[in-house]
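Quick note, our numbering runs 1 ahead of the 1-based positions in the sequence shown. So the structure is just underneath, and the comments pick up after that.
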Amino acid sequence: MNTRTLSQLVDQAARDAIRGALDRTLVVEAAAGTGKTTELVSRVLQVILSGAGTLSSLAALTFTEKAAGELKLRLRTELDRALGRPQLSELERQRARRALSELETACIGTIHGFCAELLLKYPVEAQIDPAFEVAEPERERALLSEVFDAWLAAVLEDPPEGVRRVLARRADAAGSKTPEQLLLAAARQLIETRDFGATYQKPELDREQDLARIHSELCALAGFHAQGAVNDPLCKSLGRLARELDQLPESLAAREAVLRRLGRDRDLWTGSHGRGQLYSKGMTRNDLVAQREAVKARLDSVLRACDADVASCLSRELRAVVDAYAAAKHEAGVLDFFDLLLCTRRLLAQVPSVRGALQAAFSHVFVDEFQDTDPVQSEIVLLLCADDAAEADPWRTLPVPGKLFLVGDPKQSIYRFRRADIALYERVKRHLLAAGAELLQLTTSFRALPE
Numbered sequence: 002m003n004t005r006t007l008s009q010l011v012d013q014a015a016r017d018a019i020r021g022a023l024d025r026t027l028v029v030e031a032a033a034g035t036g037k038t039t040e041l042v043s044r045v046l047q048v049i050l051s052g053a054g055t056l057s058s059l060a061a062l063t064f065t066e067k068a069a070g071e072l073k074l075r076l077r078t079e080l081d082r083a084l085g086r087p088q089l090s091e092l093e094r095q096r097a098r099r100a101l102s103e104l105e106t107a108c109i110g111t112i113h114g115f116c117a118e119l120l121l122k123y124p125v126e127a128q129i130d131p132a133f134e135v136a137e138p139e140r141e142r143a144l145l146s147e148v149f150d151a152w153l154a155a156v157l158e159d160p161p162e163g164v165r166r167v168l169a170r171r172a173d174a175a176g177s178k179t180p181e182q183l184l185l186a187a188a189r190q191l192i193e194t195r196d197f198g199a200t201y202q203k204p205e206l207d208r209e210q211d212l213a214r215i216h217s218e219l220c221a222l223a224g225f226h227a228q229g230a231v232n233d234p235l236c237k238s239l240g241r242l243a244r245e246l247d248q249l250p251e252s253l254a255a256r257e258a259v260l261r262r263l264g265r266d267r268d269l270w271t272g273s274h275g276r277g278q279l280y281s282k283g284m285t286r287n288d289l290v291a292q293r294e295a296v297k298a299r300l301d302s303v304l305r306a307c308d309a310d311v312a313s314c315l316s317r318e319l320r321a322v323v324d325a326y327a328a329a330k331h332e333a334g335v336l337d338f339f340d341l342l343l344c345t346r347r348l349l350a351q352v353p354s355v356r357g358a359l360q361a362a363f364s365h366v367f368v369d370e371f372q373d374t375d376p377v378q379s380e381i382v383l384l385l386c387a388d389d390a391a392e393a394d395p396w397r398t399l400p401v402p403g404k405l406f407l408v409g410d411p412k413q414s415i416y417r418f419r420r421a422d423i424a425l426y427e428r429v430k431r432h433l434l435a436a437g438a439e440l441l442q443l444t445t446s447f448r449a450l451p452e
């Protein structure tokens, strides 16, 4: 028996359970190269051949059109192979042929496409335009840009506090964002998290006093340049800091902006320390560097608090942009990708008759790359698979045994695709395991050499 065969035995029981334990809810964790999509397709095939479900009664969801196309192609391939097996019974052949005939109309696609199909079926219950269109990203950006530009032109006459503080900043390096771009990015962030209605919490901050205090500390640090040798690199950086501080503007917003720029200047804080143990008489180089690092840490802390304060201001001041964007979409008769999710979750949570109908319509739900799901997507899946049509809270539902199959790689949650989060992944996993699901691990990689 070679090394690869031995290694495959490590997770063979998990692979057997995926294909055979059709009455159990499974959460499968598998790294890249372990064949997780292959195992998902194998389970779909077994559901069809066993008669546990038909292709028209299941949903297989993933997160890109490319992945969905590949999933459908692989399922077609496996169905063709199954029909070529002589040991297949006549009933199983009928089920496989029926699945092939249903393949093009089956719910195999992205979760956004799946939600769009549900909303087209229940537009009145979802309280949306029955003739809605899905706005592609380019149109989303165009609509947002239009309402943002109109809003900015209006507020520039008398900008509120948060806007005024952002406008005091400037792009300091190639590739950095202008104040206008920062405001637009903040508006987009609010739009992408509009399911969280609360404004940002305002931190405890005496901004004027805290900025004055850190300014004094910076001046004291910069004062050491007078004690160093002219050609000493550490002395030079402190001298430049002193010159910048001498030109600090009077306006509090402008002063904050300058201190922020100084805090981002890597050459001031991580440049060459120079050579020799002594920086000046009575001052070692290491002691001065440690003092510089301590001041930098306090500067960063003050700036983080100021950022949180600005975010709290902008969460209120930019609300008009969020509302105008919603109105522009409504007038154009379009939903953006996030609307598809929000409207579907609302439909499932607030309309019991629709929730029950959809729970009955789908016998099985398969989710690939589950680590990429966001909170709204996760709740849609939990509601679809619930065993009690009367329960509207997704986090109090129990999945019908065997109905839900999730496969993902939690290590890939570091990419934070859209609003994916490892904490959310773990929360869903804990919820399902507490409800009786089984956790399986696929560990054998088919991309690695045996040795």
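Every residue, glycine too, gets a C-beta built ideally from N, C-alpha and C. All values derive from a computational prediction rather than experimental measurement.
Taking DSSP as the reference, what is the three-state secondary structure of residue i?
{"i": "threonine 111", "result": "strand"}
{"i": "tyrosine 454", "result": "A question about residue 454 goes unanswered here, because the residues of the chain that appear run from 2 up to 452."}
{"i": "tyrosine 201", "result": "coil"}
{"i": "threonine 38", "result": "helix"}
{"i": "threonine 285", "result": "strand"}
{"i": "glycine 224", "result": "helix"}
{"i": "glutamine 47", "result": "helix"}
{"i": "phenylalanine 447", "result": "coil"}
{"i": "glutamate 13", "result": "Inspection of the sequence shows that residue 13 is occupied by glutamine rather than by glutamate. Here glutamine 13 sits in helix by DSSP."}
{"i": "glutamine 88", "result": "coil"}
Beta strand (DSSP E) containing residue i: first to last residue?
{"i": "leucine 59", "result": "59 to 63"}
{"i": "glutamine 442", "result": "439 to 443"}
{"i": "glycine 409", "result": "405 to 409"}
{"i": "leucine 279", "result": "279 to 281"}
How would you write the range of the alpha helix (DSSP H) that residue i sits in, first residue to last?
{"i": "valine 368", "result": "Looking at the DSSP string, valine 368 is not in any alpha helix (DSSP H); the run it does join, the beta strand (DSSP E), is 365 to 368."}
{"i": "threonine 55", "result": "No alpha helix (DSSP H) holds threonine 55; DSSP gives it neither H nor E."}
{"i": "lysine 73", "result": "66 to 84"}
{"i": "serine 102", "result": "91 to 103"}
{"i": "glutamine 128", "result": "Glutamine 128 -> no alpha helix (DSSP H), and no H or E assigned at all."}
{"i": "serine 354", "result": "353 to 362"}
{"i": "valine 429", "result": "423 to 435"}
Buried or exposed for residue i, going by 16 or more other Cβ atoms inside 10 Å?
{"i": "leucine 191", "result": "buried"}
{"i": "serine 238", "result": "buried"}
{"i": "proline 161", "result": "exposed"}
{"i": "histidine 1", "result": "Any answer about residue 1 is impossible in this case: the structure gives the chain only from 2 up to 452."}
{"i": "arginine 276", "result": "exposed"}
{"i": "valine 401", "result": "buried"}
{"i": "proline 138", "result": "exposed"}
{"i": "phenylalanine 197", "result": "exposed"}
{"i": "glycine 34", "result": "exposed"}
{"i": "threonine 398", "result": "buried"}
Between the C-alpha atoms of residue i and residue j, what's the straight-line distance to the nearest angstrom?
{"i": "proline 353", "j": "alanine 362", "result": "14 Å"}
{"i": "leucine 41", "j": "glycine 272", "result": "52 Å"}
{"i": "alanine 255", "j": "arginine 170", "result": "7 Å"}
{"i": "glutamine 210", "j": "glutamate 251", "result": "14 Å"}
{"i": "leucine 23", "j": "tyrosine 123", "result": "30 Å"}
{"i": "leucine 59", "j": "alanine 155", "result": "51 Å"}
{"i": "leucine 144", "j": "phenylalanine 338", "result": "14 Å"}
{"i": "leucine 348", "j": "arginine 356", "result": "7 Å"}
{"i": "leucine 7", "j": "glycine 334", "result": "Any reading at leucine 7 must be qualified, since the residue scores a pLDDT of 45, below 50, and its modelled position is unreliable; the value itself is stated next. Spanning the two alpha carbons is a distance of roughly 58 Å."}
{"i": "arginine 77", "j": "leucine 407", "result": "21 Å"}
{"i": "aspartate 150", "j": "valine 231", "result": "50 Å"}
{"i": "valine 303", "j": "arginine 189", "result": "25 Å"}
{"i": "leucine 253", "j": "arginine 305", "result": "16 Å"}
{"i": "valine 366", "j": "alanine 18", "result": "17 Å"}
Give me whichever residues DSSP pairs with residue i in a beta bridge.
{"i": "glutamate 134", "result": "Val335"}
{"i": "valine 29", "result": "Val408, Leu441"}
{"i": "proline 400", "result": "Ala387"}
Please confirm whether residue i has its beta-carbon closer than 8 Å to some beta-carbon of chain C.
{"i": "leucine 23", "result": "Of the chains in the structure shown, none is chain C; there is only one protein chain."}
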